[in-house]
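Engineer: Have a look at this one.
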Ligand SMILES: O=C(O)CCC(=O)C(=O)O
Ligand SMILES: [Fe+2]
């Protein structure tokens, strides 16, 4: 089964298929022999082509026919329309007897394609809508601006009509994000006045319903203060009232940025949008260096390292993998990816972390993953050299966990360490070595919600940090998540380094509970003094 909504390679496949369909249909329209004038079939073909041209950014037919490579899959709005067009418009077209009669070859091709890979089914559709809503939430998009194809620094030619806005609002209703449902419905109503794609009475009825539901939850929700963004106040049925509510939401969003257990989700969104909460003092202790002493192998090939935070130390190591190696690895990988929801999550959230799931969506993460045998000799040795930890000889080998994220793909903040229980032995993940296989066009940062910093994926680089204290207790300061990809796709891999294997190389700690530090050319730099290291703003 193709996972069009989650796996970029499958979506790219669908995009190539769509492109063939478009070429065939365009030729038919141009030759005027195949299509009966003003028939249902012709209308269907034209609807498909119109949808394609409206959402592909090509103004001229020749440009579309000549196009190379894929670009619709990278863009959330274009990808939404691609999936929608093949799921709904193409299916309607293919179900017509006249289509089969006039386009025999194409019809067979259609059947064969979906026979092999499955037709985009409803689950795909839910995931795509949920991803759009997540992007809106994380990056603070106003529905109207988003729907017109405008995102920060990107201007796409793909936009949404009233029917699409209605579909998004229905998805928002389904997952209980009423404030968003209302915003999308109002937009749908405005657009329907001119494009006439959606029925205005239906929109009004749904809007009324959404407002009622919003207000009901607003009254009843005892946890209201946990979800300030969504349940800020009751909305009246007056037009324009939801805009006022939206402003209030922005004010509360600003007010809630800060630290503390209740702020994790808001911080996560803010970090994903490029904010940073480190104090000037903390930032002044960060630097880059060439590591050439940790291992003799580094003398001739030092590695560039950079502190992103200190205490706990998080470093970004550059050029740990080279382009040709990444290319080979990716070719291997594409075959093995599976839906990440199948893989059991390492553990449940701790009790003292109150996170409003509703504020996100139903999915903990939306990537596809694979566990692959670790390419130990080259990469393993390099990781050993920069971390000073044992990798290759370990008896307990956790395979490399590769993840692929398409637009809107994310991984909710979590801990990597496997078990909270200090007493339990076995596969504690002492440290994480997180490798980025590509540059993400926009979004996809790795955000550390308690540390107030987010790392930008850089092709061939990796993040390295310790998840545990010396006593094997979890270091909750390393709580982190993958921000949704806004444009393009993201491939990354976790090499988790286990605790029990490290006795031979680990420096004995003087204190029973201390943080592991990352030395700079074998020097353990003095730790910054304990302080409440956060700007008060
Ligand atoms: O890909 C990322 O940015 C983070 C992924 C992650 O934290 C994980 O897979 O455990
Ligand atoms: Fe992680």
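Numbering (the working numbering), first residue to last: 0 to 536. We treat Cβ as the ideally placed atom computed from N, Cα and C, and that holds for glycine.
With a Cβ-Cβ cutoff of 8 Å, do residue 170 and residue 129 count as a contact?
Structural biologist: Translated into the one-based positions of the chain shown, residue 170 becomes position 171. Translated into the one-based positions of the chain shown, residue 129 becomes position 130. Yes, the Cβ-Cβ distance between residue 170 and residue 129 is below 8 Å.
Engineer: Using the beta-carbon of each residue, find all residues closer than 6 Å to any heavy atom of ligand 2 and list them in chain order.
Structural biologist: Going by the Cβ distance cut-off, the answer is 413, 415 and 479.
Engineer: Kindly list the residues whose CB is nearer than 6 Å to the CB of residue 526, restricted to its own chain and excluding five residues on each side of it in sequence; keep chain order.
Structural biologist: Locating residue 526 in the chain shown gives position 527, counting from the first residue. Answer for residue 526: 310, listed in chain order.
Engineer: Along the chain, where does the beta strand (DSSP E) containing residue 434 start, and where does it finish?
Structural biologist: Your numbering for residue 434 matches position 435 in the chain shown. Counting along the chain, the beta strand (DSSP E) containing residue 434 begins and ends at 428-435.
Engineer: Roughly how many angstroms separate the alpha carbons of residue 521 and residue 288, rounded to a whole number?
Structural biologist: Taking the chain shown and counting its residues from 1, the one referred to as residue 521 is at position 522. Taking the chain shown and counting its residues from 1, the one referred to as residue 288 is at position 289. So the alpha carbons of these two residues sit roughly 12 Å apart.
Engineer: Measure the alpha-carbon distance for residue 207 versus residue 141 and round it to whole angstroms.
Structural biologist: Stepping through the chain shown from its first residue, residue 207 is reached at position 208. Stepping through the chain shown from its first residue, residue 141 is reached at position 142. Their backbone Cα atoms lie some 21 Å apart in a straight line.
Engineer: Using the rule of at least 16 other Cβ atoms within 10 Å of the residue's Cβ for burial, across every protein chain shown, is residue 263 buried or exposed?
Structural biologist: Residue mapping note: residue 263 aligns to position 264 of the chain shown, counting from 1. Result: buried.
Engineer: Which same chain residues, not among the five before or five after residue 23, have their C-beta less than 6 Å away from its C-beta?
Structural biologist: Within the chain shown, numbered from 1, the residue matching residue 23 stands at position 24. Answer for residue 23: 105, listed in chain order.
Engineer: If you follow the beta strand (DSSP E) that residue 302 is part of, which residue opens it and which one closes it?
Structural biologist: Within the chain shown, the letter at position 303 stands for residue 302. 302-308 is the extent of the beta strand (DSSP E) around residue 302.
Engineer: Would the beta-carbon of residue 433 be found less than 7 Å away from any heavy atom of ligand 1?
Structural biologist: Walking along the chain shown from the start, residue 433 turns up at place 434. Yes, the Cβ of residue 433 comes within 7 Å of a heavy atom of ligand 1.
Engineer: Is residue 445 a contact residue of ligand 4, with contact defined as CB to any heavy atom under 7 Å?
Structural biologist: Absent from the structure shown: ligand 4. Ligands present: ligand 1 and ligand 2.
Engineer: Considering only their Cβ atoms, is the gap separating residue 494 from residue 443 smaller than 8 Å?
Structural biologist: The residue you call residue 443 lines up with position 444 of the chain shown. The residue you call residue 494 lines up with position 495 of the chain shown. Going by C-beta atoms, residue 443 is not nearer than 8 Å to residue 494.
Engineer: Could you check what DSSP says for residue 479 in three-state terms: helix, strand or coil?
Structural biologist: Along the chain shown, one-based indexing puts residue 479 at 480. Residue 479: strand per DSSP, three-state reduction.
Engineer: Pull up the DSSP beta-bridge partners for residue 441, would you.
Structural biologist: Within the chain shown, residue 441 is the residue found at index 442, counting from 1. According to DSSP, which records beta bridges pairwise, residue 441 is partnered with 486.
Engineer: For residue 497, which residues does DSSP report across the bridge?
Structural biologist: Sequence index remark: in the chain shown, residue 497 carries index 498 (1-based). BP columns for residue 497 point to 428.
Engineer: Quick one: grab the DSSP three-state call for residue 164.
Structural biologist: Taking the chain shown and counting its residues from 1, one reaches residue 164 at position 165. Of the three classes helix, strand and coil, the one that applies to residue 164 here is helix, per DSSP.
Engineer: If you drop the 5 nearest sequence neighbours on each side, which residues of the same chain put their C-beta closer than 7 Å to that of residue 382?
Structural biologist: Along the chain shown, one-based indexing puts residue 382 at 383. Result list for residue 382: 390, 432 and 494, in chain order.
Engineer: Taking residue 22 as part of the alpha helix (DSSP H), name the residues at either end of that continuous run.
Structural biologist: As a first step, residue 22 is located in the chain shown; it is residue number 23 there, counting from the start. Segment 7-30, the alpha helix (DSSP H) holding residue 22.
Engineer: Spatial neighbours of residue 203 within its chain, please: C-beta separation below 8 Å, excluding the five flanking residues on both sides.
Structural biologist: In the chain shown, residue 203 corresponds to position 204, counting from 1. Contacts found: 188.
Engineer: Is the closest heavy atom of ligand 1 to the C-beta of residue 481 under 7 Å?
Structural biologist: Against the chain shown, residue 481 aligns to sequence position 482. Residue 481: yes, Cβ under 7 Å from ligand 1.
Engineer: Ignore the nearest five residues each way along the sequence and tell me which others in residue 8's own chain have a CB closer than 7 Å to its CB.
Structural biologist: For the purposes of this step, residue 8 is identified with residue 9 of the chain shown, where counting begins at 1. Closer than 7 Å at the Cβ level, and outside the excluded window around residue 8, lie 333.
Engineer: So for residue 97, helix, strand or coil by DSSP?
Structural biologist: As a first step, residue 97 must be located in the chain shown, where it is residue number 98. Note: residue 97 maps to helix in three-state DSSP.
Engineer: Once DSSP output is grouped into helix, strand and coil, what is the label at residue 53?
Structural biologist: Residue numbering aside, residue 53 sits at position 54 when the chain shown is read from its first letter. Helix, per DSSP.
Engineer: Tell me the rounded alpha-carbon separation between residue 293 and residue 109.
Structural biologist: Locating residue 293 in the chain shown gives position 294, counting from the first residue. Locating residue 109 in the chain shown gives position 110, counting from the first residue. For residue 293 and residue 109, the distance between alpha carbons rounds to 58 Å.
Engineer: Does the beta-carbon of residue 286 have 16 or more other beta-carbons within 10 angstroms, so that it is buried, or is it exposed?
Structural biologist: Taking the chain shown and counting its residues from 1, one reaches residue 286 at position 287. Classification of residue 286: exposed, given that the 10 Å Cβ count is below 16.
Engineer: Could you have a look at residue 48 and say whether DSSP puts it in helix, strand or coil?
Structural biologist: Residue mapping note: residue 48 aligns to position 49 of the chain shown, counting from 1. In this structure, residue 48 counts as helix in the three-state DSSP scheme.
Engineer: Return yes when the Cβ of residue 14 is within less than 8 Å of the Cβ of residue 92, no when it is not.
Structural biologist: As a working note, residue 92 is residue 93 in the chain shown. As a working note, residue 14 is residue 15 in the chain shown. Contact: no.
Engineer: Taking C-alpha atoms, which residue in 450, 468 and 456 lies nearest to residue 479?
Structural biologist: Position 480 of the chain shown, counted from the start, is the residue given in the question as residue 479. Cα-wise, what sits closest to residue 479 is 450.
Engineer: Go to residue 271, then tell me how far its alpha helix (DSSP H) extends in each direction, as first and last residue.
Structural biologist: For the purposes of this step, residue 271 is taken as residue 272 along the chain shown, with counting starting at 1. Segment 263-271, the alpha helix (DSSP H) holding residue 271.
Engineer: Just grab the DSSP bridge partners of residue 453 for me.
Structural biologist: Taking the first residue of the chain shown as 1, we reach residue 453 at position 454. According to DSSP, which records beta bridges pairwise, residue 453 is partnered with 446.
Engineer: Could you round the C-beta distance between residue 464 and residue 313 to whole angstroms and report it? I think they count as a contact, below 8 Å.
Structural biologist: As a working note, residue 464 is residue 465 in the chain shown. As a working note, residue 313 is residue 314 in the chain shown. With a Cβ gap of about 4 Å, residue 464 and residue 313 count as contacting.
Engineer: According to the neighbour-count rule (16 or more other Cβ atoms, all chains shown, within 10 Å of its Cβ), is residue 413 buried or exposed?
Structural biologist: Counting from one through the chain shown, the residue named residue 413 turns up at place 414. Buried, by the Cβ-count rule.
Engineer: With 16 as the cutoff for other CB atoms within 10 Å, does residue 42 come out buried or exposed?
Structural biologist: On the chain shown, residue 42 is found 43 positions in, with the first residue counted as 1. By the 10 Å Cβ count, residue 42 comes out exposed.
Engineer: Between the segment 392-412 and the segment 457-472, do at least 3 Cβ pairs fall closer than 8 Å?
Structural biologist: With the cut-off at 8 Å, the segment 392-412 and the segment 457-472 do not touch.
Engineer: Return the residue from the list 367, 271, 5 and 416 that minimises the CA-CA distance to residue 427.
Structural biologist: The sequence position of residue 427 within the chain shown is 428, counting from 1. Closest by alpha carbon: 416.
Engineer: Mind checking who residue 404 pairs with in its DSSP beta bridge?
Structural biologist: Locating residue 404 in the chain shown gives position 405, counting from the first residue. 489, per the DSSP bridge assignment.
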